[in-house]
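To start, the structure itself, in structure tokens.
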Amino acid sequence: MANYLVLSTTCTKGDHVICQFPNYGPLYLLPKYFGAEVDFWVGKEERSWNPDIEELKALIKPNTKAIILTNPCNPTGTVLGQEILEQIRNLAKRHNITIFGDEVFRPLFHDDTPTPPSVISLGYNNTISTGSVSKAYSLPGIRIGWIISPHKDILQRIIAARDYTTLNVSRIDDAIALFALSPDVLPKIVAQILATQSKNIEQYEQFVTRNPDRCRWVRPRGGGTAFVHFSGSNGKSIDEVGFAEKLIQEFGVAVIPASAGFSEEGVADYKGYLRLSLGQRVEAVAEGLRAIELAIQDF
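One point on numbering: in the UniProt record's numbering, the residue at position 253 of the sequence shown is 253, and numbering is uninterrupted.
So, in structure tokens, the structure goes:
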């Protein structure tokens with residue numbers, strides 16, 4: 001709901017927005033729904049899924065209203081560092097563009113590089129950040145999130161729109177969220193999740209190393225997902241939808257085929273890519289990887 005409120009009050013017919021890509025679908029589908037033109041700032045695998053700032057400059061138009069980011073990125077695990085965030089801020093300032101950051105995975109970073117600032121900490125007023133307890137804190141049933149912006153007019157528009165969507169939430173959900181986000185509890189939740197994800201990343205790393213002819217990846221630097229490419233015995237990208245169907249039907253293992261969830265016609269189809277979870281139990285990931293290793297033999 002937070003993303004919906006931000007985009008419904010930011011994007012209108014005649015506006016142009018730029019969205020980091022690949023990305024969580026609603027972040028670019030909602031602007032289209034509200035009548036905005038959308039261009040994609042595409043990260044390339046050969047650049048570790050990092051987008052090029054020069055390409056962003058080339059996408060800006062006189063009517064560009066917003067630059068939409070996810071940091072860390074879903075599905076690739078890319079993390080936009082401080083340097084590129086400051087470059088984005090400088091561009092946005094120059095053209096009076098709002099920076100909207102979906103930071104729902106923000107506490108989850110998997111290497112020793114400095115933690116990047118939130119978009120609202122870049123010293124630019126036209127910034128918006130959203131988050132929730134659903135992803136990074138593993139409480140998806142508690143439908144509670146937040147919107148932060150230093151711009152009072154932006155917040156007033158969002159508050160007015162919220163009156164038509166969510167007047168209040170369940171008191172039980174509210175109490176659970178307050179408990180989870182309390183100073184005594186939150187660090188323990190994050191530490192446990194990061195420990196699980198670290199073990200799972202190592203499992204994926206070992207899997208890719210064992211199967212160099214069948215899969216490749218860019219090790220995720222943040223977030224809750226891995227983006228892995230699979231090749232068939234002929235060396236070409238597998239039919240990832242058929243592969244996902246085989247996994248669920250024969251092994252009870254669920255994966256997300258990228259063409260179904262993250263591709264965009266005319267931009268990228270991500271054939272052969274699967275999005276895999278970093279947050280499952282370590283034993284479940286091990287079992288899932290064994291199933292993938294068996295199933296890939298038929299492709």
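By construction, the Cβ of each residue, glycine as well, lies at the ideal position given by its N, Cα and C atoms.
Could you name the residues of the same chain whose beta carbon sits closer than 8 Å to that of residue i, not counting the 5 residues immediately before and after it, in chain order?
i: leucine 139; result: Val133, Ile176, Ala177, Ala180
i: isoleucine 128; result: Val6, Thr10, Thr98, Ile99, Phe100, Gly101, Val119, Ile120, Ile147, Ile148, Ser149, His151, Ile154
i: threonine 113; result: Val79, Gly81, Arg221
i: glycine 261; result: Gly25, Pro75, Arg275
i: isoleucine 201; result: His110, Arg219, Pro220, Ala226, Leu278
i: proline 116; result: Asn71, Val79, Leu80, Gly81, Gln82, Leu85
On the DSSP bridge list, what partners appear for residue i?
i: arginine 216; result: His229
i: serine 237; result: Ser231
i: cysteine 11; result: The partner list for cysteine 11 (beta bridge, DSSP) is empty, contrary to what the question assumes.
i: cysteine 19; result: Phe40, Ile68
i: arginine 221; result: Bridge partners of arginine 221: none, in fact.
i: serine 134; result: DSSP lists no partner for serine 134.
i: proline 257; result: Leu274
i: phenylalanine 207; result: For phenylalanine 207, which the question treats as bridged, DSSP gives no partner whatsoever.
Grab me the residues of residue i's own chain with a C-beta within less than 7 Å of its C-beta, minus the 5 sequence neighbours each way, in chain order.
i: residue 320; result: In the structure displayed, the chain extends from 1 to 299; residue 320 sits before or after that span and is not available.
i: asparagine 50; result: Gly43, Thr78
i: leucine 289; result: Gln203, Phe207
i: leucine 59; result: Ile18, Asp39, Trp41
i: isoleucine 53; result: Ile84, Gln87
i: serine 263; result: Asp269, Tyr270
i: lysine 93; result: Tyr124
i: arginine 157; result: Thr9
i: glycine 131; result: Glu103, Val104, Arg106, Gly145, Trp146
For residue i, which option in the options has the closest C-alpha, if you only look at C-alpha atoms?
i: aspartate 31; options: Gly14, Glu45, Lys44, Trp41; result: First, the amino acid is wrong: residue 31 is proline here, not aspartate. The shortest C-alpha separation from proline 31 is found at Gly14.
i: alanine 295; options: Asp163, Val282, Met1, Asp239; result: Asp239
i: cysteine 215; options: Asn74, Val17, Ile193, Gln297; result: Gln297
i: proline 186; options: Ala268, Thr196, Tyr137; result: According to the sequence as given, residue 186 is leucine; it is not proline. Residue Tyr137 is the option with its Cα nearest to leucine 186.
i: valine 38; options: Asp52, Asn63, Glu46, Arg47; result: Asn63
i: valine 282; options: Ala244, Ala2, Gln197, Phe21; result: Gln197
i: glycine 232; options: Lys271, Ala2, Ile189; result: Lys271
i: alanine 2; options: Arg94, Val218, Ala161; result: Ala161
i: histidine 229; options: Gln249, Phe251, Ala36, Glu205; result: Glu205
i: serine 170; options: Lys188, Ile193, Ile189, Gly145; result: Gly145
i: alanine 191; options: Leu108, Glu293, Arg94; result: Leu108
For residue i, count the other beta carbons within 10 Å of its own beta carbon; 16 or more makes it buried, fewer makes it exposed. Which is it?
i: tyrosine 28; result: buried
i: residue 301; result: Given that the chain is displayed from residue 1 to residue 299, the structure contains no residue 301 and the question cannot be resolved.
i: arginine 106; result: buried
i: asparagine 126; result: buried
i: threonine 209; result: exposed
i: tyrosine 124; result: buried
i: proline 212; result: exposed
i: glycine 224; result: buried
i: glycine 235; result: exposed
i: threonine 165; result: exposed
i: lysine 65; result: buried
Could you tell me whether the Cβ atoms of residue i and residue j are closer together than 8 Å?
i: isoleucine 142; j: isoleucine 67; result: no
i: tyrosine 273; j: alanine 258; result: yes
i: phenylalanine 34; j: threonine 70; result: no
i: lysine 61; j: histidine 16; result: yes
i: leucine 247; j: valine 241; result: no
i: leucine 91; j: lysine 57; result: yes
Given the structure, does residue i come close to the ligand GDP, in the sense that its CB is under 7 Å from one of the ligand's heavy atoms?
i: lysine 188; result: Within the structure as shown, the ligand GDP is missing, as the structure has no ligands at all.
For residue i, I'd like the list of residues in its chain whose CB is within less than 6 Å of its CB, leaving aside the five on either flank, ordered along the chain.
i: valine 267; result: Phe40
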